[in-house]
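At position 139 of the sequence shown (counting the first as 1) the number is 138 in numbering that gives the first Met the number 0, and the numbers step up by one without a gap.
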Amino acid sequence: MISWDDYWKTYSTSKAEKWMIFERDKILNKYIDKIKSDKKKVIEIGCGFGSNITLLSERRADVEPYALDYSEESVKLVKERIPNTVLADCRKTGFDDNYFDIVYSAGLMEHFRDEKPLLQEWKRILKPDGFLVTFIPARFSLWQLYQLIHLGNWQHGYEKSYTYRRLKNLMLENDFKIVEILGIDPFSVNGFIMKLLDKEFVPKWSNSFLKSGYTELCIITQK
């Protein structure tokens, strides 16, 4: 397993990853637009390279951006672009109750065997009328096949995937109200072609006949 500090030191964004970042950005903007305040406090939990929070900060004057990660290297990188970047555990963020309008994460929750501590913490720092936006790996995709090929030697350590039903039940068990569940990239085919050809394009196929048949699922909830 590679350390997260070493991972972010050598990280580079592929064409497929850039496309996923912009797909996530569309969803985030949709829910930021629903917040009525003039200045929206938005935090990316487990910010990594900080791609999405940076994009929001560059494009939206009405967003007050924050970022958080457990990796010192990640925090050092992102803090150059987002001054309000903190080094902390996502289960103990240190922020006040009801502080953020939007709390979101991408590729984080699947690394925890027990999601309850982090979900309860995110609910605590989320405003009553705010949105929790969570992107996680879906169950049926080429990405999952790619992981299986590693035969347990996955570089990021423990990681799981979610079905639509499991994700929905998890949020209900933690007393969230479900607003919407979306999928990005059916069966990972579009992202696979982009990686293979190192070329970004606008996919014509965006819907899966399986609710869990995407690279990522995105669930939007409120407390």
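Glycine included, C-beta positions come from ideal geometry on N, C-alpha and C.
Could you tell me if residue 51 is buried or exposed, where buried requires 16 or more neighbouring beta carbons within 10 angstroms of its beta carbon? Taking the first residue of the sequence shown as position 1, residue 51 is located at position 52. Label assigned to residue 51: buried.
Are residue 72 and residue 122 close, meaning C-beta to C-beta below 8 angstroms? Taking the first residue of the sequence shown as 1, we reach residue 72 at position 73. Taking the first residue of the sequence shown as 1, we reach residue 122 at position 123. Result no, Cβ atoms of residue 72 and residue 122 do not sit closer than 8 angstroms.
Would you report the Cα separation of residue 137 and residue 2, rounded to the nearest angstrom? Here residue 137 refers to the residue found at position 138 when the sequence shown is read from its first residue. Here residue 2 refers to the residue found at position 3 when the sequence shown is read from its first residue. So the two alpha carbons sit approximately 24 angstroms from each other.
Residue 128 burial status per 10 Å Cβ neighbour count (16 or more: buried): Position 129 of the sequence shown, counted from the start, is the residue given in the question as residue 128. It is exposed - the Cβ of residue 128 has fewer than 16 other Cβ atoms within 10 Å.
Give the secondary structure of residue 163 by DSSP, where H, G and I count as helix, E and B as strand, and everything else as coil. On the sequence shown, residue 163 is found 164 positions in, with the first residue counted as 1. Of the three classes helix, strand and coil, the one that applies to residue 163 here is helix, per DSSP.
Judging by CA-CA distance, which residue of 69, 66, 41 is the nearest neighbour of residue 60? Along the sequence shown, one-based indexing puts residue 60 at 61. For residue 60, the nearest C-alpha among the options comes from 41.
Pair within 8 angstroms by beta-carbon distance, residue 167 and residue 177: As a position in the sequence shown, residue 167 is number 168, starting the count at 1. As a position in the sequence shown, residue 177 is number 178, starting the count at 1. Cβ atoms of residue 167 and residue 177: closer than 8 angstroms.
What separation, rounded to the nearest whole angstrom, lies between the Cα atoms of residue 126 and residue 99? Residue mapping note: residue 126 aligns to position 127 of the sequence shown, counting from 1. Residue mapping note: residue 99 aligns to position 100 of the sequence shown, counting from 1. The alpha-carbon atoms of residue 126 and residue 99 are separated by roughly 6 angstroms.
What's the call for residue 223, buried or exposed, on a 16-neighbour Cβ count within 10 Å? There is simply no residue 223 to check, as the chain begins at 0 and stops at 222 in what is shown.
Please classify residue 175: is it buried, with 16 or more other beta-carbons within 10 angstroms of its beta-carbon, or exposed? The residue you call residue 175 lines up with position 176 of the sequence shown. Counting Cβ neighbours within 10 Å, residue 175 comes out buried, since at least 16 surround it.
Backbone CA spacing between residue 16 and residue 190 [nearest angstrom]: Taking the sequence shown and counting its residues from 1, the one referred to as residue 16 is at position 17. Taking the sequence shown and counting its residues from 1, the one referred to as residue 190 is at position 191. Answer to the nearest angstrom: the Cα atoms are 8 angstroms apart.
Whole angstroms are fine: how far does the CA of residue 141 sit from the CA of residue 102? For the purposes of this step, residue 102 is identified with residue 103 of the sequence shown, where counting begins at 1. For the purposes of this step, residue 141 is identified with residue 142 of the sequence shown, where counting begins at 1. Their Cα atoms are separated by approximately 28 angstroms.
Within 10 angstroms of the Cβ of residue 212, are there 16 or more other Cβ atoms? Answer buried if so, exposed if not. Here residue 212 is taken as the residue at index 213 of the sequence shown, counted from 1. Buried, because 16 or more other Cβ atoms sit within 10 Å of the Cβ of residue 212.
Within the continuous alpha helix (DSSP H) that includes residue 69, where are the two ends? Translated into the one-based positions of the sequence shown, residue 69 becomes position 70. Taken as a continuous stretch (DSSP letters only), residue 69 belongs to no alpha helix (DSSP H), as it is neither H nor E.
Could you name the residues that DSSP lists as bridge partners for residue 128? Here residue 128 is taken as the residue at index 129 of the sequence shown, counted from 1. Answer by DSSP bridge pairing: none, since residue 128 is not bridged.
Residue 55 vs residue 76 beta-carbon contact at 8 angstroms: The residue labelled residue 55 in the question sits at position 56 within the sequence shown. The residue labelled residue 76 in the question sits at position 77 within the sequence shown. No.
Look up residue 202 in the DSSP assignment and say whether it is helix, strand or coil. Taking the first residue of the sequence shown as 1, we reach residue 202 at position 203. Note: residue 202 maps to coil in three-state DSSP.
Where the alpha helix (DSSP H) through residue 230 begins and ends: Since the displayed the chain opens at 0 and closes at 222, residue 230 lies outside it and no answer follows.
Residue 47 to residue 68 span [Cα, whole Å]: In the sequence shown, the residue the question calls residue 47 occupies position 48. In the sequence shown, the residue the question calls residue 68 occupies position 69. Whole-angstrom Cα-Cα distance: 7 angstroms.
Flag this pair as yes or no: are the beta carbons of residue 193 and residue 200 separated by less than 8 angstroms? By 1-based counting over the sequence shown, the position of residue 193 is 194. By 1-based counting over the sequence shown, the position of residue 200 is 201. Cβ atoms of residue 193 and residue 200: closer than 8 angstroms.
Can you tell me where the beta strand (DSSP E) with residue 103 in it begins and where it stops? Taking the sequence shown and counting its residues from 1, the one referred to as residue 103 is at position 104. First-last of the beta strand (DSSP E) with residue 103: 99–105.
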